[in-house]
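To start, the structure itself, in structure tokens.
There are 2 protein chains.
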Amino acid sequence: MKTKKFLLPESEIPTQWYNIQAEMPNKPMPLLNPLTKQAVTAEDLYPIFCRECANQELDQTHAWIDIPDQVRQLYANYRVTPLVRAYGLEKALDTPAHIYFKNESVSPAGSHKLNSALAQAYYAKEQGITNLTTETGAGQWGGALSYATKMFGIDCAVYMVKVSYEQKPYRRSIMQCFGATVTPSPSMSTRAGKDIITRDPNYQGSLGTAISEAIELATTTPNCRYALGSVLNHVSLHQTVIGLEAEKQMELAGEYPDIVVACFGGGSNFSGMAFPFMRHNFTGKTKTRFIAAEPAACPKLTKGRFEYDFGDEAGYTPLLPMFTLGHKFKPSSIHAGGLRYHGAGVIVSQLLKDGFMEAVDIDQVESFNAGVLFARSEGIIPAPESCHAIAATIREALKCKVEGTSRNILFNLSGHGFVDMASYDSYLSGDMQAYHISDDELEKFHSHSIVAGGLEEMS
Amino acid sequence: MKTKKFLLPESEIPTQWYNIQAEMPNKPMPLLNPLTKQAVTAEDLYPIFCRECANQELDQTHAWIDIPDQVRQLYANYRVTPLVRAYGLEKALDTPAHIYFKNESVSPAGSHKLNSALAQAYYAKEQGITNLTTETGAGQWGGALSYATKMFGIDCAVYMVKVSYEQKPYRRSIMQCFGATVTPSPSMSTRAGKDIITRDPNYQGSLGTAISEAIELATTTPNCRYALGSVLNHVSLHQTVIGLEAEKQMELAGEYPDIVVACFGGGSNFSGMAFPFMRHNFTGKTKTRFIAAEPAACPKLTKGRFEYDFGDEAGYTPLLPMFTLGHKFKPSSIHAGGLRYHGAGVIVSQLLKDGFMEAVDIDQVESFNAGVLFARSEGIIPAPESCHAIAATIREALKCKVEGTSRNILFNLSGHGFVDMASYDSYLSGDMQAYHISDDELEKFHSHSIVAGGLEEMS
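Note that the protein sequences, when read in sequence, are chains A and B.
Numbering of the first sequence is given in the working numbering, commencing with residue -7 and proceeding in unit increments.
Numbering of the second sequence is given in the working numbering, commencing with residue -7 and proceeding in unit increments.
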């Protein structure tokens, strides 16, 4: 019998996260205070984030950071996640490529998001924080943080992007089942929410707006901090357990990836899968290609600009040096709610700028074509976000077929789609439309988002 | 770090199923032809079931039956499933009991049902069958068979109990995503469906009715057979991979179960978990207790009668010697759609009669209390069906606490609840009512279901 799943015991759960900031050739440029234009310090971030997360955010020194025992113990509920050889998909594509996927969908919350949620809830508890707030798009992050906070006895308030709140009632129920409070965003409960509802009463929300609301609640509530599910460096750090495990599992399979693929919203699952492998490219030991698959409706990596911009709609965050469509960008209501974010994390932005990775944009019909083919060949219904990674994988696998070349392609199955069946309904019924945002629209959003002072001036 | 998950490699997937019929002290009484009252032969069943399944159904000779390689290869997509020590639940209950669960929710279809679906689809393919029909209650079985038939290139038509079709649209979408055709039952597409709609236009359906419709389609369509997801002996046989794996995994944990618990609809997940352990009770080597947890709204084991009855509403099946509420029983619309079946499998019925197992009935509010506590302590949202097993486990764990005794309790987590969040919504909002069916109602259904000829007369 051919081995399909490459498993490792709990004892092989990594004991340290990999901090790529310490080893990347060009460090990310500093975050800036939008008023003073001075580099932000960890202390500046303490009112928003837990101290340890703020420290990790700016740590460009330590390549390896210990995973606390309690976090590892909770990782053991679902980790080491399986690495799977996708024989079924290979056969369906009739490709000489060897396709592997890391199955993060087996987490209790249904996605990779729990890897950082557990760490952030732990650090909050250690610091004596009693409340965490956050935003959620697809609901994956909100579900993960709801569960993680419950594990550590912390109250959790989630602002859920309105379009997801309505499209994905089951995601809301999951968060409530874990005991969290869930509010659709934009809401009237914050100044940021009121402002945008006043300007656009029908606005369906975005991650950028929900982040503004959550930060506002965190900074105006005693003993409360904000937890973010993607974009930031410390989130990417926590996600590196994915790639670190995958590296050992690929060894079990006796192969090394020529191509690593993940979908891309803010960057957390991409970073978590890619960074541990990318460190061997830095030393010249390997030449793996890294492909971020973003939605054609929100193409910050392929069509955004590298500049200082806010991480949220209202402008509460520091200025981040990143590929962005502008913080006023309003993504269309595509089904992959978790990918509807205007910017990319600063590390990934620097790596893309420096040529260490690539990006492709995938329209949602292509993504669901890929997702249904995967479901019918591998039996797992992928999250709409993960469908983008599968689509990019299929493009590469079909190139292998045309060229008659075998390559090892490894993608991250970031989550399952059991709670996204309404989106599959839309696809299967033929209602779903392909959608690429036009250059004119991109220009319009960008011009509304320009932050005073150009990139050179500020850095 | 305490070990939480007990894992085994793919090579440890059982190579044989355990056929308890060959070893139980009193064999089940024969199935009877309702017209002739003669014992049914395997050949009599060939028009309905695939030949190999019909043969397995009546096999009282071979204790071990080889699992075909292709089935084992597909089992490897998700098996060996984890055995998990529920430290979180133990802590939440403050019990000295050691609680373990076998996590069948990690299957691609989200439940244990795939264990038999893959076997049945394989045997159909081997026989040259091109179409399979089935019924589904909760949608777990339908989803599993949809996936399994897709793997073997067989067309699949599913009759889905109407109340589930409406309560669980995501389950329907999952089946469609795997390429199956789904019809709400009762439907106008069969005589059986038409008859019952004529009598009761608002009838919300039951497994018994859906079975009638599926059998009718199978027996009136060329090259088509019927596949059942529970109740029957060959289905229980295929499910024994659960208990066989669990036995090895409990060895890894260094313990043996004092109590084995599973929820009970028709008996497939209970049988699969219990039978491999029960064989050691037969020889006197162990004294494990086996508890079937059924819904208080459909209490065939605790309040049914042991007699010959039909397996379906319309009376298309052979007469089965079983604990039954009567084949005309119309269960109330509880959320655990998979447990709304009027009868118990013939093997389980004999074992209950002979005192080898026990049964408890659980109302749905108690079951969701248990499910939410489990979600908040173990992080996994259980299927409403599985919540019954958790509730029965909690009862036993609390008894241990009162008695100050530690026992090893093993339950089967038959499936996850990601697609059942509407039911959790109902519970969390306080709308859900506890419900026990009254003795008067049970009597009424029973009196409408009496099959001509008593048990003694026929057997």
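Ideal Cβ positions, reconstructed from N, Cα and C, are used throughout, including at glycine.
Check, Outcome
"Cross-chain neighbours of V411(A) in chain B, by beta carbon under 9 Å", "Y162, F410, V411, M413"
"Any chain A beta carbon closer than 7 Å to L420(B)", "yes"
"7 Å Cβ cutoff met for A362(A) and G409(A)", "no"
"Proximity winner among G303(B), L199(B), R164(B), E82(B), relative to L224(B) (alpha-carbon distances)", "G303(B)"
"Limits of the unbroken beta strand (DSSP E) element including V233(A)", "Note, V233(A): premise wrong, no beta strand (DSSP E); alpha helix (DSSP H) at 233 to 245."
"C-beta neighbour in chain A for D417(B), strict 7 Å", "yes"
"Alpha-carbon spacing of D86(A) relative to K393(A), whole angstroms", "7 Å"
"Residues near K186(B) by beta carbon distance below 7 Å, same chain, minus five either side", "M180"
"Rounded C-alpha distance that separates E118(B) from F144(B)", "10 Å"
"Same chain, Cβ closer than 6 Å to M349(A), five either side skipped, listed in chain order", "F282, L343"
"Partners in chain B for C169(A), counting only beta-carbon separations shorter than 7 Å", "V364, A367, I373, Y416, L420"
"D301(A) - containing beta strand (DSSP E), residue span", "297 to 302"
"Of the residues K345(A), L23(A), D192(A), S260(A), the one placed nearest G235(A), counting alpha carbons only", "S260(A)"
"Coarse secondary structure for I189(A), derived from DSSP in three states", "helix"
"Helix, strand or coil at S8(B) according to DSSP, with G and I counted as helix", "Checking the sequence, you will find Gln at residue 8(B) rather than Ser. Strand, per DSSP."
"Sub-7 Å separation of P100(A) and I372(B) beta-carbons", "yes"
"Spatial neighbours of H272(B) in its chain, beta-carbon cut-off 7 Å, leaving aside the 5 residues before and after", "T278"
"Helix, strand or coil at L124(A) according to DSSP, with G and I counted as helix", "strand"
"Short CB-CB distance (under 7 Å) between N69(B) and chain A", "yes"
"Cβ-based burial, E449(B) [other Cβ within 10 Å; buried from 16]", "Unreliable positioning characterises E449(B) in this predicted model, as indicated by a pLDDT of 48, which lies under 50. The coordinate reading is nonetheless provided below. Classification for E449(B): exposed."
"For V411(B) and D432(A), the rounded distance between their alpha carbons", "40 Å"
"Close beta carbons around T211(B), own chain, < 7 Å, minus the five adjacent residues each side", "P39, I40"
"G347(B) versus S359(A) - alpha carbon distance", "55 Å"
"Buried versus exposed, by CB contacts within 10 Å (16 or more), I442(B)", "exposed"
"Closer than 7 Å at the beta carbon, the chain D residues around S156(A)", "Of the protein chains in this structure, namely A and B, none is chain D."
"Proximity of L0(A) and V63(A) at Cβ, strictly below 7 Å", "no"
"Of the listed residues G330(A), I59(A), Y67(A), N18(A), nearest to K(-4)(B) (C-alpha basis)", "Y67(A)"
"Three-way DSSP call (helix, strand, coil) for A382(A) in this model", "Correcting the residue type first, residue 382(A) is Ile in the shown sequence and not Ala. Reduced to three states, the DSSP call for I382(A) is helix."
"Rounded straight-line distance, which links the Cα of S156(B) to that of G91(A)", "For the record, residue 91(A) in the displayed sequence is Ile; it is not Gly. C-alpha separation (whole angstroms): 37 Å."
"Proximity to R219(A) [Cα-Cα], best of S165(A), A389(A), T309(A)", "Strictly speaking, residue 219(A) in this sequence is Ala, with Arg absent from that position. Of the candidates S165(A), A389(A), T309(A), the one whose C-alpha sits nearest the C-alpha of A219(A) is T309(A)."
"Interface residues of the segment 141 to 152 of chain B facing chain A [CB-CB below 7 Å]", "K142"
"Sheet register partners of H334(B) (DSSP bridge)", "DSSP output for H334(B) lists no bridge partner at all."
"Short CB-CB distance (under 7 Å) between K83(A) and chain B", "no"
"Interfacial residues, the segment 100 to 116 of chain A to chain B, with Cβ spacing under 7 Å", "P100, G102"
"H230(A), buried or exposed, once every other Cβ within 10 Å from all chains shown has been counted against 16", "buried"
"Check whether L293(A) and A336(A) have beta carbons under 7 Å apart", "yes"
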